[in-house]
Each structure stands twice: as C-alpha cells, then as structure tokens.
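Visitor: If you want the working numbering, it's the 1-based position in the sequence shown plus 4.
Got a structure here, written out as structure tokens. Questions coming.
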Amino acid sequence: MKARPPSATELRIVAATVVIGLVVGYVLGLWSALSGWLKELWHFLGASTSVPNWLLGLLAVCAIIVAGWLGTALRPTRDARPRSPISTQDDFFNIRWRWSYDASGGVQDLTPYCRRCGHRLVLQDVGDDRPAGRYECRCDRCGTVACEIDCPVEEFESRVLQKIHETTG
Numbered sequence: 005m006k007a008r009p010p011s012a013t014e015l016r017i018v019a020a021t022v023v024i025g026l027v028v029g030y031v032l033g034l035w036s037a038l039s040g041w042l043k044e045l046w047h048f049l050g051a052s053t054s055v056p057n058w059l060l061g062l063l064a065v066c067a068i069i070v071a072g073w074l075g076t077a078l079r080p081t082r083d084a085r086p087r088s089p090i091s092t093q094d095d096f097f098n099i100r101w102r103w104s105y106d107a108s109g110g111v112q113d114l115t116p117y118c119r120r121c122g123h124r125l126v127l128q129d130v131g132d133d134r135p136a137g138r139y140e141c142r143c144d145r146c147g148t149v150a151c152e153i154d155c156p157v158e159e160f161e162s163r164v165l166q167k168i169h170e171t172t173g
C-alpha cells in the first residue's frame, strides 16, 4: 500500500509543533546545554588515540547502517495480500454448490448455482401453510427449478454442509 503525501493541515501542525518546541527549548535553557554537548562531542571526535576518534565514529555509523540493512534483509517477509481462500464446488441435491474455506478450515460463502447454465439460484417461497414452509431453488436465467425444499432453510443448508464434510473427508 502506498503512503499518501501529507496534507497541508498536517504540514502546518508539524511546523507549529517544531516552532513551539524551539521556543520551549530556548525558554528552558536547553540550547545552551545542547551547545555544550555538541562542543564535547566535537572535542572527542577531534581527539586522537592510536586511531583517530572521528574514524572510529565513521566506522560505528557504517556498522550501524550495515546491521540495519542485514536486519531488514534477513527478516522473514509477510505476504502483503492475505491468503485467498481455497474455493471448490460439488453437486448435491441437483444443485452445483460453490464455497470456499476460511483460515480455520470452515466452509464459508456457500452459494447455489444452476447445473444447466451456471447462474446463481434464487430461493423462492412457494407459499405453503406448513410451519416449515416450502421453497424452490429456481434459476432466473433459464427458469430451471433445481429442487424443492420442504424443510426450514437452515436445516437444508445443514444437510448440504454435512454432504460437503462427507465428500471432502
């Protein structure tokens, strides 16, 4: 994912924060302390042992850069995209069912399709006076009635899931 450039408002907030930080540093006398620390650092780097300290500092910076580069190169990479679920299909009850598996192996996106034309089936209530109701799985494209269901929809879906588990092991 690409990073978006900062907006004008965000840039103003950053600039205001920097200015406030500089003013607070001046008021609290932090600039003189920073200046003293920088002078000490300059004298240390200018001093000499058997190897000049500035060379030791340069080698330390190079070592830090190489260590960071190796750390990022050797770190295991993660997929930027999540794994796509495994999709599959099978025919049960005169219907072509398509589904996928989630990361834990459970069935998801269970969808009925017409075996004749491949179009998605629509569940229509035929209207019966029984409490469970009666439904048809009908294709809107070719008009085929794939099956009639005379039980609650949840029970029928449970039967399909049971068939999937029986065939896939």
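Backbone N, C-alpha and C fix where the C-beta goes; we use that ideal spot for every residue, glycine too.
Values in this document were obtained by computation on a predicted structure and should not be read as measured data.
(1) Could you check what DSSP says for Val126 in three-state terms: helix, strand or coil?
(2) Would Asn98 pass as a contact of Arg124 if the rule is Cβ separation under 8 Å?
(3) Can you tell me whether Ile24 is buried or exposed, with buried defined as 16 or more other CB within 10 angstroms of its CB?
(4) Evaluate Trp46 with the Cβ neighbour count: other Cβ atoms within 10 Å of its Cβ, from every protein chain shown; 16 or more gives buried, anything less gives exposed.
(5) Pick from Asn57, Gly72, Thr92 and Cys141: whose alpha carbon is nearest that of Cys155?
(6) With a CB to CB cut of under 6 Å and the five nearest residues on each side skipped, what residues in its chain are close to Leu49?
(7) Measure the alpha-carbon distance for Gly122 versus Phe96 and round it to whole angstroms.
(8) Where do the N-terminal and C-terminal ends of the alpha helix (DSSP H) with Ala71 fall, by residue?
Guide: A quick look at the data gives this:
(1) Three-state DSSP puts Val126 in a strand.
(2) The beta carbons of Asn98 and Arg124 sit no closer together than 8 Å.
(3) exposed
(4) exposed
(5) Cys141
(6) Asn57, Trp58 and Gly61
(7) 14 Å
(8) Looking at the DSSP string, the run of the alpha helix (DSSP H) that includes Ala71 is Asn57 to Leu78.
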